[in-house]
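Undergrad: Sharing a structure here in structure tokens format.
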Amino acid sequence: MPLNVFAVGASRNIGYYSAIRLLAKGATVTFLLRSPSVFDADSLIQEHIKSGKVRLVKGDALNASNVEAAWAEASKDGPVDVLLYTLGAVGGSLHPIKGVVIDPPNLVTLALTTVLCSMPKSATVPPPKIVVVTSSGVSPSSRKKMPYVLKPLYGYMIPGPLQDKLATERILWHCAGWEWNPADGEPSAEVLNKDWKATEGLPAAGSLKDIVVLRPALLIDCECLADSAAEQGKPVPYRCGPGEVGGWKVSRKDCAHFIVEGILEDWETWGGKQLSIAY
110 MPLNVFAVGA SRNIGYYSAI RLLAKGATVT FLLRSPSVFD ADSLIQEHIK SGKVRLVKGD
170 ALNASNVEAA WAEASKDGPV DVLLYTLGAV GGSLHPIKGV VIDPPNLVTL ALTTVLCSMP
230 KSATVPPPKI VVVTSSGVSP SSRKKMPYVL KPLYGYMIPG PLQDKLATER ILWHCAGWEW
290 NPADGEPSAE VLNKDWKATE GLPAAGSLKD IVVLRPALLI DCECLADSAA EQGKPVPYRC
350 GPGEVGGWKV SRKDCAHFIV EGILEDWETW GGKQLSIAY
């Protein structure tokens, strides 16, 4: 049966490419967008809007009322099967000591908290499957397994955005009931306040069992190599699995391929895990 998907952060990149694949499989996708006009010139999305398979909700993921309205739109014909959360900070400024600085510094964490706290609660309908994209090198234990020459980039250039993603993961670990690695410490107070577990509406510890956290290697833009490999009868060119697979890079389109053709097609294998992907 085609999936009903609620996508946050899917106006471009991994979220967008995943949504296009899902639509090709007959899914219905509701996008929460600050500016729905981003798709005005997208003929493919426009076709799906006309068919009713794409729904656009104008709103800010930091605004609880906007997010609640998006959940309601996504759920109007039936429960949401998949929450696809691929939000990432863009822009920012370069600080000589702090590296890339984003305002607010916990954008991804705040938005995820809003999305989870606004999620419809039901005693009879299970929560949706949740797929969240973070990053390789997000935690101290993760960075230890990265290629050595990439460590300065993650350690100096983008420590702020990584702290934001770490806080995102900390919340997901709590909601999934996964054991947090004490070696990774706790996210800084700048991105996650000490009383975050008491946030009103936050799903209880261990209540969201169907979560996947995907950590891609350094992201690049190129064609989907997995599609090319399939046309030639070859296996997928990327490596993926629980924990850290190591590796230098991976394309956004191949991440989308793994999300749709791998994770969501075979949830029994991939669901309920932190995964990584790299060439």
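Residue numbers (my numbering): 110 to 388. Note that beta-carbon positions come from the ideal geometry of N, C-alpha and C, so glycine has one too.
So for G124, helix, strand or coil by DSSP?
TA: Indexing the sequence shown from 1 puts residue 124 at position 15. Residue state, collapsed to three classes: helix.
Undergrad: Tell me the DSSP secondary structure of K306 in three-state form.
TA: To locate residue 306, count along the sequence shown from 1; it is residue 197. Reduced to three states, the DSSP call for K306 is helix.
Undergrad: Measuring only the C-alpha atoms, how far is I372 from E309?
TA: Residue numbering aside, residue 372 sits at position 263 when the sequence shown is read from its first letter. Residue numbering aside, residue 309 sits at position 200 when the sequence shown is read from its first letter. If you take the alpha carbons of I372 and E309, they lie about 30 Å apart.
Undergrad: State the Cα-Cα distance for the pair Y265 and H283, rounded to the nearest angstrom.
TA: Numbered from its first residue, the sequence shown carries residue 265 at position 156. Numbered from its first residue, the sequence shown carries residue 283 at position 174. Here Y265 scores only 49 on pLDDT, less than 50, and its place in the model is too uncertain to base an answer on.
Undergrad: Between I329 and the rest of its own chain, which residues show a CB-CB distance below 8 Å, the 5 nearest in sequence each way excluded?
TA: As a position in the sequence shown, residue 329 is number 220, starting the count at 1. Only K358, V359, S360 and R361 meet the Cβ criterion.
Undergrad: Which same chain residues end up closer than 8 Å to A232 when comparing Cβ atoms and leaving out the 5 residues on each side of it in sequence?
TA: Your numbering for residue 232 matches position 123 in the sequence shown. None.
Undergrad: Would L301 pass as a contact of V191 if the rule is Cβ separation under 8 Å?
TA: As a working mapping, residue 301 is identified with position 192 in the sequence shown. As a working mapping, residue 191 is identified with position 82 in the sequence shown. Taking 8 Å as the Cβ cut-off, L301 and V191 do not qualify as a contacting pair.
Undergrad: Would you say the beta carbon of K343 is closer than 7 Å to some non-hydrogen atom of the ligand SAM?
TA: This structure lacks the ligand SAM; in fact it carries no ligand of any kind.
Undergrad: Looking at the structure shown, is N113 part of a helix, part of a strand, or coil, going by DSSP?
TA: By one-based count along the sequence shown, residue 113 stands at place 4. The answer is strand: DSSP assigns N113 an E or B state.
Undergrad: In terms of alpha-carbon separation, which member of F367, V224, G197 and M110 lies closest to G50?
TA: Residue 50 falls outside the range modelled here, since the chain spans only 110 to 388, and no answer is possible.
Undergrad: Taking the continuous beta strand (DSSP E) assigned at R252, which residues delimit it?
TA: Locating residue 252 in the sequence shown gives position 143, counting from the first residue. No beta strand (DSSP E) holds R252; the alpha helix (DSSP H) holding it covers P249 to R252.
Undergrad: If you run the structure through DSSP and keep just helix, strand and coil, what is R348?
TA: What you label residue 348 is simply residue 239 of the sequence shown in a count that begins at 1. Residue state, collapsed to three classes: strand.
Undergrad: I'd like the list of long-range same chain contacts for A116, defined as Cβ closer than 6 Å, with 5 residues on each side in sequence excluded.
TA: In the sequence shown, counting from the first residue as 1, residue 116 sits at position 7. The answer, listed in chain order, is G124, A128, V138, F140 and L193.
Undergrad: With DSSP as the reference, please indicate the residues paired to I239 in a beta bridge.
TA: Locating residue 239 in the sequence shown gives position 130, counting from the first residue. I239 pairs with L192 and I320.
Undergrad: For Q383, which beta-bridge partners are listed by DSSP?
TA: One-based indexing of the sequence shown puts residue 383 at position 274. Answer by DSSP bridge pairing, in chain order: V322.
Undergrad: I'd like the ranges of any beta strand (DSSP E) spanning at least 3 consecutive residues and lying wholly in the region 117-191.
TA: Whole beta strand (DSSP E) segments, 3+ residues: 137-142 and 163-167.
Undergrad: Hey, could you find the ends of the beta strand (DSSP E) L328 is sitting in?
TA: Within the sequence shown, residue 328 is the residue found at index 219, counting from 1. Unbroken beta strand (DSSP E) run through L328: L327 to I329.
Undergrad: Using 10 angstroms around the beta-carbon of H204, count the other beta-carbons present and answer buried if the total reaches 16, otherwise exposed.
TA: The residue labelled residue 204 in the question sits at position 95 within the sequence shown. Because H204 sits at a pLDDT of 49, beneath the cut-off of 50, its placement in the model cannot be relied upon, and the point is left open.
Undergrad: From the DSSP output, in three-state form, read off V369 for me.
TA: On the sequence shown, position 260 is the one that residue 369 refers to. The answer is helix: DSSP assigns V369 an H, G or I state.
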